[in-house]
Amino acid sequence: MDLQVITREAVLHAIAECDELGRHRFLDRYGFDPARQYFLYHDGVSYDSKAIVGVAYRHVTGRPLTAGQFSGGRQTVVRLLTRLGFEVVNDEPIAPRRRLIEVLETLRIASTADGPARHQPITLLWAFGRAAHRRPRLVPWRDAHAELRHLMREYGQPSSRPTPEFPIVALAHTVLWELPGHVGAIPAAHGKPISWLEEQDPYCGLMAWVYELIASSESARTEAITTLGTRFFEGAPPEALLMQVGLHRERADVSPSTGSDQLEAYLRLCRTVEAAEARGDHDRTSTTARDQPVRSTAATKAVLIRSGGQCENPLCTGQPNDVTRNGDPILEVDHVQDRAMWGRDHPVQMIALCPNCHAIKTRGRTGEQLREILASEARARHTTWVAQA
Numbered sequence: 474m475d476l477q478v479i480t481r482e483a484v485l486h487a488i489a490e491c492d493e494l495g496r497h498r499f500l501d502r503y504g505f506d507p508a509r510q511y512f513l514y515h516d517g518v519s520y521d522s523k524a525i526v527g528v529a530y531r532h533v534t535g536r537p538l539t540a541g542q543f544s545g546g547r548q549t550v551v552r553l554l555t556r557l558g559f560e561v562v563n564d565e566p567i568a569p570r571r572r573l574i575e576v577l578e579t580l581r582i583a584s585t586a587d588g589p590a591r592h593q594p595i596t597l598l599w600a601f602g603r604a605a606h607r608r609p610r611l612v613p614w615r616d617a618h619a620e621l622r623h624l625m626r627e628y629g630q631p632s633s634r635p636t637p638e639f640p641i642v643a644l645a646h647t648v649l650w651e652l653p654g655h656v657g658a659i660p661a662a663h664g665k666p667i668s669w670l671e672e673q674d675p676y677c678g679l680m681a682w683v684y685e686l687i688a689s690s691e692s693a694r695t696e697a698i699t700t701l702g703t704r705f706f707e708g709a710p711p712e713a714l715l716m717q718v719g720l721h722r723e724r725a726d727v728s729p730s731t732g733s734d735q736l737e738a739y740l741r742l743c744r745t746v747e748a749a750e751a752r753g754d755h756d757r758t759s760t761t762a763r764d765q766p767v768r769s770t771a772a773t774k775a776v777l778i779r780s781g782g783q784c785e786n787p788l789c790t791g792q793p794n795d796v797t798r799n800g801d802p803i804l805e806v807d808h809v810q811d812r813a814m815w816g817r818d819h820p821v822q823m824i825a826l827c828p829n830c831h832a833i834k835t836r837g838r839t840g841e842q843l844r845e846i847l848a849s850e851a852r853a854r855h856t857t858w859v860a861q862a
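Those letters in the sequence shown? Residues 474 to 862, by the working numbering.
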């Protein structure tokens, strides 16, 4: 069986189908057992690697492979997915919080005459502050450059120049950071990446799973700040820096954080949704002017809890400052794959949007591109919440 015909696009289609159906329905439909060793890790979510490859084959040839037609081992599935640019992990991926701390503990430390260079930790603390206050996850390079340059000039080592281009590009080569909106490969951090950044002006920011972990877990946020302080700031980041980026302890109650009650409520609502799926409730229709798939109020409530009252579009340019007559944020919970077309009625593919972003997604010229971004965002945010249980 020639697996080499499978493309990266076909694998992404299989991943999207798994997201839409849910893992158990996906495996049942195509006759695969859950993976025991190798998992495809994409956008903060793990997938059964052999099943994904078998279904990806359908998106190229028109028919899926059965589990008995090929091996799911290192020399077949792992080699194929790695060649296509995907990450494959041995055994279930580690919890997001542990993964974050492990990466922070292994960031390369550049030396200066005054001690460890601080460009990367300042960039990360700036992004953590945005997450803590649920400001848009992704920022145009030109805007980030202006803010970070000021922070580096004030809190970097005296012998270091304020050059945000280096950490922005260096972090993009880790699992913490992304630079969407550019053409071609991301350059190496050494050299002169500022020319490339000025030409491309990509967006930049934390990966969705990191953003959601920092935004939703105060304890994870504290541990991440402590780790950066120990490695780069001789014990702790300056209080003035933390205050400036929105991470000062006295302001911790300003940012929406996930306490145990909120997390339990989210998980309880998700269990309600999944029990309804298992009963077949979500395959029923309700009759108004026409038959429509039923919609889960539990799923909607879960997404609103997860959003913390802020639009979940990572490219949001600003939601209304006003609130509803009941005092709630003006948000609309949307199915990334239209529920009327039988998109899954589950928080993993639902997202809270402000009216502007909802209109762009529904009627905008760039709506289709935004839909792809939102599908990935919803999946990563949901998975991060569930992984905290």
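Glycine included, each C-beta is placed from N, C-alpha and C at the ideal position.
Please read these numbers as outputs of a predicted model, since none were measured by experiment.
Practice task
Spell out a yes or no on whether the region 607-623 and the region 734-747 are touching, meaning 3 or more CB-CB pairs, one atom from each, closer than 8 Å.
Solution key: no
Exercise for the section: Specify, as a first and last residue, the run of the alpha helix (DSSP H) that serine 544 falls within. Expected result: No alpha helix (DSSP H) holds serine 544; DSSP gives it neither H nor E.
Handout entry: Residue of Pro711, His623, Leu611 minimising C-alpha distance to proline 443
Key = Lying before the first or after the last residue shown, residue 443 is absent from the chain, which here runs from 474 to 862.
Handout entry: Cβ neighbours of aspartate 545 in the same chain (closer than 6 Å, five flanking residues each side left out)
Key = One point to set straight first is that residue 545 is glycine, not aspartate, in the sequence displayed. Result list for glycine 545: Lys523, in chain order.
Practice task
Look at the alpha carbon of alanine 748 and the alpha carbon of leucine 670, and state the distance between them as a whole number of angstroms.
Solution key: 48 Å
Practice task
Please report the residue range of the alpha helix (DSSP H) in which glutamate 575 lies.
Solution key: 569-578
Handout entry: aspartate 475 to phenylalanine 505 span [Cα, whole Å]
Key = 19 Å
Problem - threonine 745 versus valine 821 - alpha carbon distance - result: 14 Å
Problem - Pick from Leu679, Thr579, Gly558 that is closest to glutamate 651, judged by C-alpha positions - result: Leu679
Exercise for the section: Give the secondary structure of leucine 513 by DSSP, where H, G and I count as helix, E and B as strand, and everything else as coil. Expected result: strand
Problem - Euclidean distance between Cα positions of phenylalanine 706 and threonine 700 - result: 10 Å
Practice task
Please determine if the region 479-499 and the region 792-806 are in contact, where contact requires at least 3 C-beta pairs separated by less than 8 Å.
Solution key: no
Problem - Delimiting residues of the beta strand (DSSP E) encompassing alanine 825 - result: 823-826
Problem - Length of the line joining the Cα atoms of glycine 863 and proline 660 - result: The structure shown does not extend to residue 863, since the chain is modelled only from 474 to 862, so the question has no answer here.
Exercise for the section: Return the chain-ordered list of same chain residues with a C-beta closer than 7 Å to the C-beta of glutamate 723, the five sequence neighbours on each side being excluded. Expected result: Note that glutamate 723 has pLDDT 49, beneath the 50 cutoff, so the model's placement of it is unreliable and the number below is only indicative. Cβ within range, chain order: n/a, list empty.
Handout entry: Terminal residues of the alpha helix (DSSP H) in which valine 528 lies
Key = 522-534
Practice task
Please report the residue range of the alpha helix (DSSP H) in which glycine 840 lies.
Solution key: 840-860
Practice task
Report the rounded CA-to-CA distance for proline 613 versus leucine 788, giving the unit in angstroms.
Solution key: 9 Å
Practice task
Out of Ala771, Leu553, His831, Gly495, state which residue places its alpha-carbon closest to the alpha-carbon of leucine 513.
Solution key: Leu553
Problem - Residue from Ala586, Gly588, Ala771, Gln593 whose Cα sits closest to the Cα of threonine 579 - result: Gln593
Exercise for the section: Flag this pair as yes or no: are the beta carbons of leucine 686 and proline 569 separated by less than 7 Å? Expected result: yes
Handout entry: The beta strand (DSSP E) enclosing valine 806, as first and last residue numbers
Key = 805-808
Practice task
Use the C-beta contact count for arginine 626: other C-beta atoms within 10 angstroms, 16 or more gives buried, fewer gives exposed.
Solution key: exposed
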